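Residue numbers (the numbering used here): 2 to 436.
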């Protein structure tokens with residue numbers, strides 16, 4: 002009996018010890034859980050100190066650009082335009098999520114578009130609809146901006162016989178060297194059509210004095226929109242032709258009630274307000290045929306206004322269900338001025354949520370950025386190529402080589418610097434291993 006009591010006492014002691022240990026462990030885990038999840042920006046270009054605790058819905062994250070916080074961080078944030086090929090946090094911890102924000106085309110970081118680079122990221126935010134945090138319609142302020150008549154000018158007001166300017170086409174661009182061959186195409190189109198060009202590219206007219214100062218940072222200013230709305234057509238060429246890469250060049254003329262002459266995203270028809278909202282350069286074999294079409298369209302009010310149903314059809318101004326759904330579900334757009342609505346803050350909270358709730362085995366693929374490695378450009382007369390197409394093709398080939406090197410370095414998981422990277426890139430280029 003005494004022996005039984007002794008065993009019972011020992012068992013009870015062991016049970017209490019286990020219970021105490023588990024209670025202490027549970028409290029420890031809870032204290033860790035109650036601490037903010039840490040994310041760190043990996044960018045030398047952030048010269049200012051950034052370290053704050055942010056509430057992202059039900060989750061709390063600490064976001065910092067202090068590299069000393071890397072061991073405690075569960076997510077590392079990269080801004081694509083500022084990524085340096087010799088600056089990555091290696092060796093890489095298995096528990097850390099890598100997240101990429103890159104809303105630009107591949108012109109300033111050509112290695113980003115390659116799957117060899119993308120597949121090392123758990124989370125992406127790009128213009129592609131297939132990224133984790135898509136920015137496809139970020140430059141469209143709202144559906145109401147498309148349907149509003151704030152800048153609408155009737156056909157008669159745009160006519161060459163009215164008080165409006167006589168040319169029917171406007172070009173406003175200051176980036177004169179693009180992957181899409183924009184300048185070369187417009188130069189040929191000018192041979193067949195009167196075009197008012199106000200930017201530094203092919204300029205033949207000056208903007209009103211009140212608009213000349215810093216118009217590039219005020220692309221949606223009411224004064225500029227009213228001035229441009231007097232034209233029937235506006236040339237809207239993206240600087241690169243990538244699926245879902247759609248900038249203000251497409252949305253701004255639609256907001257004004259001007260018909261875009263568009264070249265760029267091959268998926269653009271998935272996003273236009275109605276089946277016929279723009280004139281697409283790819284529908285014509287060359288600038289000459291496009292000019293003929295624009296001349297006829299610009300003289301026929303019924304046909305011209307059929308491209309402006311988002312302004313004129315008050316019952317059903319936007320028939321594109323894909324666009325309507327996107328306007329309701331998208332998580333970021335440029336006109337959102339509410340607290341925490343900036344692109345970087347939205348991205349940070351999206352990564353915060355992802356780090357806490359999503360498995361680590363899902364990685365990005367090519368569709369998360371989705372730009373062709375061979376630059377696409379608008380077709381010119383007699384099969385001619387844009388002047389700088391060879392340079393852009395060479396740049397993308399180098400970008401592909403850079404991505405392959407980074408892929409190998411990431412798999413080795415050892416620290417490397419810019420000199421190491423450049424040495425390997427030069428070696429491969431000299432030995433013709435970059436093809």
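Idealized CB from N, CA, C, for every residue including glycine. Computed from a predicted model, the values in this text were never measured in an experiment.
On the criterion of 16 or more Cβ atoms from any shown chain inside 10 Å, does residue i qualify as buried, or is it exposed?
{"i": "residue 56", "result": "exposed"}
{"i": "residue 28", "result": "Any reading at residue 28 must be qualified, since the residue scores a pLDDT of 33, below 50, and its modelled position is unreliable; no value is offered."}
{"i": "residue 244", "result": "buried"}
{"i": "residue 312", "result": "buried"}
{"i": "residue 391", "result": "exposed"}
{"i": "residue 59", "result": "exposed"}
{"i": "residue 294", "result": "exposed"}
{"i": "residue 177", "result": "exposed"}
{"i": "residue 43", "result": "buried"}
{"i": "residue 159", "result": "buried"}
{"i": "residue 325", "result": "exposed"}
{"i": "residue 363", "result": "exposed"}
{"i": "residue 67", "result": "exposed"}
{"i": "residue 32", "result": "The predicted position of residue 32 is uncertain, since its pLDDT is 35 and thus under 50; a value taken from the coordinates is nonetheless stated next. Label assigned to residue 32: exposed."}
{"i": "residue 123", "result": "buried"}
Distance, Cα to Cα, residue i vs residue j?
{"i": "residue 425", "j": "residue 406", "result": "8 Å"}
{"i": "residue 208", "j": "residue 354", "result": "46 Å"}
{"i": "residue 108", "j": "residue 401", "result": "13 Å"}
{"i": "residue 239", "j": "residue 258", "result": "19 Å"}
{"i": "residue 73", "j": "residue 365", "result": "24 Å"}
{"i": "residue 373", "j": "residue 129", "result": "13 Å"}
{"i": "residue 79", "j": "residue 331", "result": "22 Å"}
{"i": "residue 103", "j": "residue 368", "result": "13 Å"}
{"i": "residue 314", "j": "residue 303", "result": "13 Å"}
{"i": "residue 264", "j": "residue 38", "result": "43 Å"}
{"i": "residue 226", "j": "residue 197", "result": "15 Å"}
{"i": "residue 262", "j": "residue 296", "result": "13 Å"}
{"i": "residue 435", "j": "residue 260", "result": "43 Å"}
{"i": "residue 76", "j": "residue 346", "result": "15 Å"}
{"i": "residue 155", "j": "residue 385", "result": "38 Å"}
{"i": "residue 54", "j": "residue 341", "result": "12 Å"}
{"i": "residue 349", "j": "residue 194", "result": "47 Å"}
{"i": "residue 30", "j": "residue 352", "result": "Here residue 30 scores only 36 on pLDDT, less than 50, and its place in the model should not be relied on; the value that follows carries that caveat. The alpha-carbon atoms of residue 30 and residue 352 are separated by roughly 22 Å."}
{"i": "residue 82", "j": "residue 388", "result": "25 Å"}
{"i": "residue 153", "j": "residue 46", "result": "42 Å"}
{"i": "residue 112", "j": "residue 157", "result": "49 Å"}
{"i": "residue 133", "j": "residue 125", "result": "5 Å"}
{"i": "residue 361", "j": "residue 96", "result": "8 Å"}
{"i": "residue 251", "j": "residue 92", "result": "43 Å"}
{"i": "residue 199", "j": "residue 188", "result": "14 Å"}
{"i": "residue 169", "j": "residue 232", "result": "5 Å"}
{"i": "residue 183", "j": "residue 36", "result": "51 Å"}
{"i": "residue 308", "j": "residue 110", "result": "36 Å"}
{"i": "residue 221", "j": "residue 90", "result": "39 Å"}
{"i": "residue 422", "j": "residue 85", "result": "10 Å"}
{"i": "residue 327", "j": "residue 138", "result": "8 Å"}
{"i": "residue 14", "j": "residue 359", "result": "Caution is warranted here: a pLDDT of 44 is assigned to residue 14, below 50, making its placement in the model unreliable, and the coordinate value is therefore given only provisionally. Cα to Cα, residue 14 sits roughly 41 Å from residue 359."}
Between which two residues does the alpha helix (DSSP H) containing residue i stretch?
{"i": "residue 413", "result": "390-413"}
{"i": "residue 190", "result": "183-190"}
{"i": "residue 254", "result": "249-257"}
{"i": "residue 430", "result": "419-431"}
{"i": "residue 39", "result": "Careful: residue 39 lies outside any alpha helix (DSSP H), inside the beta strand (DSSP E) at 38-42."}
{"i": "residue 113", "result": "From DSSP, residue 113 is part of no alpha helix (DSSP H); its letter is neither H nor E."}
{"i": "residue 100", "result": "Note, residue 100: premise wrong, no alpha helix (DSSP H); beta strand (DSSP E) at 98-102."}
{"i": "residue 156", "result": "156-159"}
{"i": "residue 357", "result": "344-358"}
Can you tell which of the options has the C-alpha that lies nearest to the C-alpha of residue i?
{"i": "residue 52", "options": "58, 46, 62", "result": "62"}
{"i": "residue 150", "options": "170, 171, 318, 42", "result": "318"}
{"i": "residue 322", "options": "65, 270, 71", "result": "270"}
{"i": "residue 229", "options": "172, 264, 120", "result": "172"}
{"i": "residue 41", "options": "436, 336, 71", "result": "71"}
{"i": "residue 377", "options": "100, 153, 184, 241", "result": "241"}
{"i": "residue 136", "options": "231, 412, 334", "result": "334"}
{"i": "residue 310", "options": "275, 231, 286", "result": "275"}
{"i": "residue 64", "options": "356, 433, 389", "result": "356"}
{"i": "residue 329", "options": "175, 344, 142", "result": "142"}
{"i": "residue 234", "options": "126, 298, 361", "result": "298"}
{"i": "residue 344", "options": "180, 413, 101", "result": "101"}
{"i": "residue 399", "options": "185, 431, 69, 256", "result": "431"}
Provide the residue span of the beta strand (DSSP E) that contains residue i, from first to last.
{"i": "residue 54", "result": "52-57"}
{"i": "residue 78", "result": "76-80"}
{"i": "residue 197", "result": "196-198"}
{"i": "residue 89", "result": "Where residue 89 is concerned, there is no enclosing beta strand (DSSP E), given that its DSSP letter is neither H nor E."}
{"i": "residue 263", "result": "260-264"}
{"i": "residue 446", "result": "The question about residue 446 has no answer, for the chain in this structure spans 2 to 436."}
{"i": "residue 125", "result": "124-126"}
Under 7 Å between C-beta atoms, does residue i make it to chain D?
{"i": "residue 233", "result": "Going by chain labels, chain D is absent from the structure shown, which holds only one protein chain."}
Checklist entry - Can we say the stretch 406-417 touches the stretch 107-125, given the rule of at least three CB pairs closer than 8 Å? => result Result yes; three or more Cβ-Cβ pairs closer than 8 Å.
- Task: Tell me, please, whether the stretch 278-290 touches the stretch 417-424 by the rule of three or more beta-carbon pairs shorter than 8 Å.
- Result: When C-beta atoms of the stretch 278-290 are compared with those of the stretch 417-424, fewer than three pairs fall below 8 Å, so the two segments do not count as touching.
> So, do the stretch 139-150 and the stretch 197-211 have three or more beta carbon pairs nearer to each other than 8 Å?
Replying inline: Segments in contact, no.
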